[in-house]
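Using the working numbering, you'd call the opening residue of the sequence shown number 875 and step up by one each time.
All residues carry an ideal CB built from backbone N, CA and C; glycine is no exception.
Here is the structure we will look at.
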Amino acid sequence: MTEAAVGFNRELGTLKTLFNYFIDREKFDGPNPTRKVKKIKESRGRERFLEIEEEDRLLSVCTEPLRTIVMSGIYGGLRIHSEALTLQKADVDLRRRLLTVQGAFAKNGETLTIPLNSKLREALRQRMLESESEYVFTKCDGKPYRSIQNIFRTACKRAGLVNVTPHVMRHTFASRLGMEGVDIRTIQELGRWKDIRMVQRYANLSERHKAEAIEKLSNSTKNSTPNSTPADFGKPVSRVALQGFEPWFDG
């Protein structure tokens, strides 16, 4: 139920954004038909994100362009369906290391620019060289992807991953920022969340990560508490050793 609710809410958000886009440009008459449709309540249990080892397994079984699409979520925080699959070459500035998410496809409806790290920049550069379309990610016929659900599910099965959806890539992006100690405001800006409460769950991972790190000291060091009485305990102390301390022992 949780996965279905997440999928429904993401698609609803995309539809709302698209209708607002066309209404603003007078391409659609009337009010937004999705305005009264309510989201399904999502569970706020433990946030699923990929461990480094899980990421390696997933990327190792992904062929292009799926591999770079997945990296767009992990290293750029892009919403796969609405932002990564609609990404155009004009929105990627390799020289300045910037990526623009157009408001028409962003969940919050705002056009924003985010920095590119070196891994994602190189992956996108290669994809753009190999694609003749205006879109970064295209199928063999040159048309952009509408969905990657099937090929993504197959990749996860091959990698031995469970409870992983494309949106988990975005969770991974935010979670790793939190575990690196990035402040909540910066995570919000990079992930383009309007409500800072949506980011708090990722920021909390920082404290948990620190606690886990400090606990490792217990496992990496031996117990330093003496388990036996020192060999010289009880032996008589020479007067030389007590020189200068005689008044403490006299009388």
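Report yes or no: do the segment 1074-1083 and the segment 1034-1053 share at least 3 C-beta pairs separated by less than 8 Å? Touching, yes, given that three or more Cβ pairs across the two stretches are closer than 8 Å.
In its own chain, which residues sit with a C-beta less than 6 Å from the C-beta of T985, not counting the 5 before and 5 after it? Result list for T985: Q976, G977, in chain order.
Check the DSSP bridge columns for L973 and list the partner residues they point to. Paired residues: V966, I988.
From the DSSP output, which residues share a beta bridge with P1018? Here P1018 is bridged, per DSSP, to T1012.
Have a look at A1033, Q1023, L1079 and flag the residue whose alpha-carbon is nearest the alpha-carbon of D1057. The candidate whose alpha carbon is nearest that of D1057 is L1079.
When you compare each of N894, T937, R922, T888 to K1013 by their alpha carbons, which one comes out closest? Distances from the alpha-carbon of K1013 to those of N894, T937, R922, T888 put T937 closest.
Taking the alpha carbon of N894 as the reference point, which residue from N906, I954, E885, L886 has its own alpha carbon closest? Ranking N906, I954, E885, L886 by Cα distance to N894 puts N906 first.
Since R999 and L968 should fall inside the 8 Å C-beta cutoff, what is the C-beta to C-beta distance between them, to a whole number of angstroms? R999 to L968, Cβ: 5 Å. Contact.
Option in K1017, S1092, R884 with minimal Cα separation from F979: F979 has its Cα closest to that of R884, out of K1017, S1092, R884.
Keeping to the same chain, check which residues put their C-beta closer than 6 Å to that of T974; ignore five residues upstream and five downstream. If the five residues before and after T974 are omitted, its C-beta is found closer than 6 Å to the C-beta atoms of D965, T987, all from its own chain and listed in chain order.
For F902, which of helix, strand or coil comes out of DSSP? It is coil, neither helix nor strand.
For L961 and Y1009, believed in contact at Cβ under 8 Å, the rounded distance: Their Cβ separation, rounded to whole angstroms, is 7 Å, which keeps Y1009 and L961 in contact under 8 Å.
Three or more C-beta pairs closer than 8 Å, one from the segment 1013-1028 and one from the segment 900-914: is that the case here? The segment 1013-1028 vs the segment 900-914: no contact.
Start-to-end residues for the alpha helix (DSSP H) that takes in F979: In the DSSP assignment, F979 falls outside any alpha helix (DSSP H), carrying neither H nor E.
Measuring CA to CA, which of E1063, H955, E1054 is closest to L940? Closest by alpha carbon: H955.
Looking at the structure shown, is L932 part of a helix, part of a strand, or coil, going by DSSP? Helix at L932.
Compare the C-alpha of E996 against each of Y949, N1037, E1006, M1053 and name the closest. Residue Y949 is the option with its Cα nearest to E996.
Leaving out five residues before and five after L952 in sequence, what residues of the same chain have Cβ atoms less than 6 Å from its Cβ? Cβ within range, chain order: S946, A958.
Since V1042 contacts L924 with CB under 8 Å, what's their CB separation in whole angstroms? About 7 Å; that satisfies the 8 Å criterion.
Are there 16 or more other CB atoms within 10 angstroms of the CB of K981, so buried, or fewer, so exposed? Classification for K981: buried.
Identify whether K1133 lies in helix, strand or coil by the three-state DSSP scheme. With the chain covering 875 to 1125 only, the question about residue 1133 has no answer from this structure.
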